[in-house]
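Undergrad:
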Amino acid sequence: MGRPGLLGTMARTAVVAGTASTVVGATQRRQAGKAQEKADAQAAQQAAVESQQQMADMQAQMDAMQTQQQQQPATAAPAGGNDMMAELERLGQLKANGILTDEEFAAAKAKILGT
Numbered sequence: 001m002g003r004p005g006l007l008g009t010m011a012r013t014a015v016v017a018g019t020a021s022t023v024v025g026a027t028q029r030r031q032a033g034k035a036q037e038k039a040d041a042q043a044a045q046q047a048a049v050e051s052q053q054q055m056a057d058m059q060a061q062m063d064a065m066q067t068q069q070q071q072q073p074a075t076a077a078p079a080g081g082n083d084m085m086a087e088l089e090r091l092g093q094l095k096a097n098g099i100l101t102d103e104e105f106a107a108a109k110a111k112i113l114g115t
């Protein structure tokens, strides 16, 4: 056994180079796959954050609308309250003038007050 010939050395070098290329290629594919998985996970997380933000915005809009709806009857009540007071005063005058009896006055007053 002597030294390997030129062809043997070249064949061995080709096998080593081919194996190295295969290993490097597999490593690169694995790294690319991991990078893609990481990018997919980040995209999914970003979509979830955006979805939560949209839900929070819609909830805030609904809360604002409900608050606005609750305030509208409250602002309308004083106008009705003034009418109620005028109606009660008119009833008081009718009773004072003897047009209404105590029972009629009490019934009309209860009807106006809603009791």
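Residues in the sequence shown are numbered consecutively from 1, following my numbering. From the three backbone atoms N, C-alpha and C, an ideal C-beta is built for every residue, glycine too.
Exposed or buried, L7, counting other C-beta atoms within 10 Å across all chains shown (16 or more means buried)?
TA: As a first step, residue 7 must be located in the sequence shown, where it is residue number 7. When all chains shown are included, L7 counts as exposed.
Undergrad: At the level of alpha carbons, what is the spacing between A39 and Q61?
TA: Position 39 of the sequence shown, counted from the start, is the residue given in the question as residue 39. Position 61 of the sequence shown, counted from the start, is the residue given in the question as residue 61. Their Cα atoms are separated by approximately 33 Å.
Undergrad: Considering just the uninterrupted stretch of the alpha helix (DSSP H) at I112, what are its terminal residues?
TA: One-based indexing of the sequence shown puts residue 112 at position 112. Counting along the chain, the alpha helix (DSSP H) containing I112 begins and ends at D102 to L113.
Undergrad: Using a Cβ distance threshold of 8 Å, determine whether the region 103–113 contacts the region 82–95, with at least three qualifying pairs required.
TA: Enough Cβ pairs lie closer than 8 Å, so yes.
Undergrad: How long is the line joining the alpha carbons of M58 and S51, rounded to whole angstroms?
TA: Translated into positions along the sequence shown, residue 58 becomes position 58. Translated into positions along the sequence shown, residue 51 becomes position 51. Distance between the alpha carbons of M58 and S51: 11 Å.
Undergrad: With a threshold of 9 Å between beta-carbons, can V24 be considered close to chain B, or not?
TA: Judged by its chain identifiers, the structure shown contains no chain B, having just a single protein chain.
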